[in-house]
Amino acid sequence: MNKTIVLGDSVSPLADYMITMLTKPGDAAFEATVRHDPNADTYTVLGISRISLYGNTSWCIPSQRLKLFCYCKDQKTS
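Per my numbering, residue 67 is the first one in the sequence shown, and the count goes up by one each step.
Shown next, in the form of structure tokens:
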């Protein structure tokens, strides 16, 4: 069996980046995974997580999901 396989142009590989950031106010630490597709020249956020404790800093937000990302302007003092 003689077969010839012709390959097209090489495809640039996707690149995943892990980004860590510290936000103000509140000093919240987050970690995000971002994928770069050089062929489409796009960046896609694959996920974001809070890696620091948020305690009562998001007391004004009723949503458990949003509490991870929010910081209430008026902070309760204990």
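Note that the Cβ used here is the ideal one computed from N, Cα and C, for glycine as well.
These numbers come from a predicted model, not from an experiment.
Item                                                                                                                                                       : Value
So which of Asp107, Ser76, Tyr83, Lys90 has the shortest CA-CA distance to valine 100?                                                                     : Tyr83
Among residues of its own chain, excluding the 5 on either side of isoleucine 117, which ones have a beta-carbon nearer than 8 Å to its beta-carbon?       : Thr86, Ala95, Phe96, Glu97
Quick check: the Cα distance between proline 91 and tryptophan 125, rounded to an integer number of angstroms?                                             : 15 Å
Pick out whichever of Arg131, Thr108, Ala106 has its Cα sitting closest to the Cα of serine 115.                                                           : Arg131
My output table needs one value for leucine 132: the three-state DSSP class, helix, strand or coil.                                                        : helix
Looking only at its own chain, which residues have a Cβ that is under 7 Å from the Cβ of valine 111, when we skip the five neighbours before and after it? : Ala98, Val100
With distances taken between CB atoms, is the gap from proline 104 to serine 76 smaller than 8 Å?                                                          : no
Measuring alpha carbon to alpha carbon, tell me which residue in Thr89, Ala81, Thr70 is nearest cysteine 136.                                              : Thr89
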